[in-house]
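Chains as they are written, first to last, in this note's numbering: chain D, 91 to 397; chain B, 91 to 397.
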């Protein structure tokens, strides 16, 4: 199959919306943005051996993850997904077939989030599989959910449960797109981001951007069953709580809200997944942990992309 | 340097425009698109060993190429460059330093095209360097320069000279951004694209999309000095013309215009580089070459991304 045939195939696989001005297969995609609000852009690259193992996880789960990590970033900004472009760098052996599988699976998964694949780039080489997805979203009237808006006294909240993602959730997580859109529409949130590199590391980023610190309540952290299981399995001597605090790829939402608004949100529990209060923003920079009425400083730790 | 420090450094290196709603370092970039026309999006991935050799070419030229191939795609759509996001997958050894060099060089090169780097993703691994750039442009009132608009009788034109790009031009070419914007503003073009995979292969794409064929004049093809040199050096038995017809990575513009408009354009020669008439669009699908009043069919050949 030539690149031309491949583009034709792609065009038949990938849904095309009425408002596309230029059909797929030209030098670039043209999106009608006239009726849309501001443009939100995020890009994530996943590499064989670092973010997935193709032989173990299979193309469908890998394709899903490549799109889902970007959807999680759009959710974290409070943006509605619109479109994505996909670059594939494929192992030369079987490149064509793998490209078809990945793109078909991505197109299907994208549809579930009302998002379209509008273009990209496909190459083969002697190395492992690399997938880059750049996703575009539109802000809603609620505006962006920034990470630098947390204020002294704000309550810190998380969706779902944390830790142990490497036992499977890092591939199969549901990006919190609909959850984020529902929350920003109905509640006054000060700040928010997704937890991609571990709660402590991402919380340090949120508080640093906001010019405050945070005190966490150890007993309040929602620990996933996987975090407990991984704590035993890994033999690292780390507790389940340690995993919930520092494992990467939770892809849950970390939020800050003024106390009265947080109370209302916690009472309402408006999502199908739990929202849990885990701490409070304080004036002094840095992170602390309250454990049985004993407060200790904690250092941000998690996944370092260049480590 | 932590990722947080890295983002701070990046923020100080990369120029930030007044209309950014959310500063660099949040989950995603937010661009104010309210005053802009439709959104043009293109994405290109470059890989060590396939598109460049880092040790031989050095980070500055590699960084430049990664951005320039995307600028060429924007030019080919008649779009004005606005912003780009950059994903880096770096060899683990020296990852931080290399990331800084690449991003600094890209930011500088972007500035020359009034384009800003607004975000991206940085990872390291055990493999070679991979760079993905997704670039955003805005259409001008002249609208998009599509590849499917060529009509029977249209004259085919190219900018600059073709072939032998691998002797250096594939790294140092000037993307025809300003040239394309000038041409679409002042001339009625039927179709256009950039020549990235070889004249014949890209011309076949343009004519196929437009539902026509093309006859080329062998004597009219502008052959670069590099194509002649490479024809000798490579020892492949290919003539300089063969190289001009099928070498990849020329990154010149291939255009179609109605005869009267093409005449005016050829007379005016409005660019600092030559524009040359190379052939004409015909009704019958396929490609032909006129050589000393002898017409032969030619098969599209060039760079196959999955070959």
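We treat Cβ as the ideally placed atom computed from N, Cα and C, and that holds for glycine. All values reported here derive from a predicted model rather than from experimental measurement.
Asked	Found
Contacts that residue 167 of chain D makes with chain B (C-beta to C-beta distance below 8 Å)	112, 116, 117, 118, 120
Contacts of residue 211 of chain D in chain B (Cβ-Cβ under 7 Å)	133, 134, 135
Below-8 Å beta-carbon distance, residue 283 of chain D vs any chain B residue	yes
is_contact[residue 345 of chain B, chain D] using C-beta, thresh 8 Å	no
For residue 170 of chain D, three-class secondary structure by DSSP	strand
Counted within 10 angstroms of its Cβ, other Cβ atoms place residue 204 of chain B as buried (16 or more) or exposed	exposed
Check: residue 159 of chain D C-beta below 7 Å from any heavy atom of the ligand PLP	Looking for the ligand PLP in the displayed structure turns up nothing, as the structure carries no ligands at all.
N- and C-terminal bounds of the alpha helix (DSSP H) containing residue 297 of chain B	289 to 300
Residue 392 of chain D to residue 288 of chain D span [Cα, whole Å]	5 Å
C-alpha distance - residue 189 of chain D paired with residue 155 of chain B, whole-angstrom precision	25 Å
Rounded straight-line distance, which links the Cα of residue 321 of chain D to that of residue 328 of chain D	6 Å
Residues near residue 292 of chain D by beta carbon distance below 8 Å, same chain, minus five either side	283, 284, 285, 286, 344, 392
Which of helix, strand or coil DSSP assigns to residue 283 of chain D	strand
Residues bridged to residue 372 of chain D [DSSP beta-bridge criterion]	D:303
Residue from D:254, D:230, D:200 with nearest C-alpha to residue 335 of chain D	D:254
Beta-carbon proximity check, residue 249 of chain D vs residue 361 of chain D, cutoff 8 Å	yes
CB contact check: residue 108 of chain B to chain D, cutoff 8 Å	Because the pLDDT of residue 108 of chain B is 49, which lies under 50, any placement of that residue in the model is unreliable, and the question is left without a value.
C-beta neighbour in chain D for residue 256 of chain B, strict 8 Å	no
Segment limits, beta strand (DSSP E) that includes residue 133 of chain D	129 to 137
Contacting positions in the segment 261 to 288 of chain B - beta carbon closer than 7 Å to chain D	283, 284
CA-to-CA distance, residue 238 of chain B to residue 299 of chain B, given in whole angstroms	5 Å
Unbroken stretches of the alpha helix (DSSP H), 4 residues or longer, contained in the segment 156 to 210 of chain B	185 to 201
Cutoff 8 Å: residue 215 of chain D Cβ touching any chain B Cβ	yes
Contact with chain B by residue 299 of chain D, beta-carbon distance below 8 Å	yes
Range covered by the beta strand (DSSP E) that runs through residue 141 of chain B	Where residue 141 of chain B is concerned, there is no enclosing beta strand (DSSP E), given that its DSSP letter is neither H nor E.
Residue range of the unbroken beta strand (DSSP E) whose run includes residue 227 of chain D	220 to 229
DSSP three-state assignment for residue 380 of chain B, whether helix, strand or coil	strand
Cβ contact (3+ pairs, closer than 8 Å) linking the segment 213 to 221 of chain B and the segment 122 to 138 of chain B	yes
Proximal residues of chain D, C-beta to C-beta of residue 163 of chain B below 8 Å	117, 118
Neighbourhood of residue 199 of chain B by C-beta, 6 Å cutoff - its chain only, sequence neighbours within 5 removed	154, 157
Spatial neighbours of residue 347 of chain B in its chain, beta-carbon cut-off 8 Å, leaving aside the 5 residues before and after	244, 245, 247, 277, 278, 279, 280, 355
Proximal chain D residues relative to residue 179 of chain B, where beta-carbon distance stays under 7 Å	135, 137, 220
Beta carbon of residue 304 of chain D nearer than 8 Å to that of residue 380 of chain D	no
Residues near residue 317 of chain D in its chain [Cβ-Cβ closer than 6 Å; skip 5 each side]	253, 254, 330, 333, 334
Under 9 Å (Cβ pairs) to chain D, residues found in the segment 240 to 254 of chain B	none
Rounded Cβ spacing between residue 310 of chain B and residue 272 of chain B (contact assumed at less than 8 Å)	Going by Cβ atoms, the distance from residue 310 of chain B to residue 272 of chain B rounds to 23 Å, so no, they are not a contact pair.
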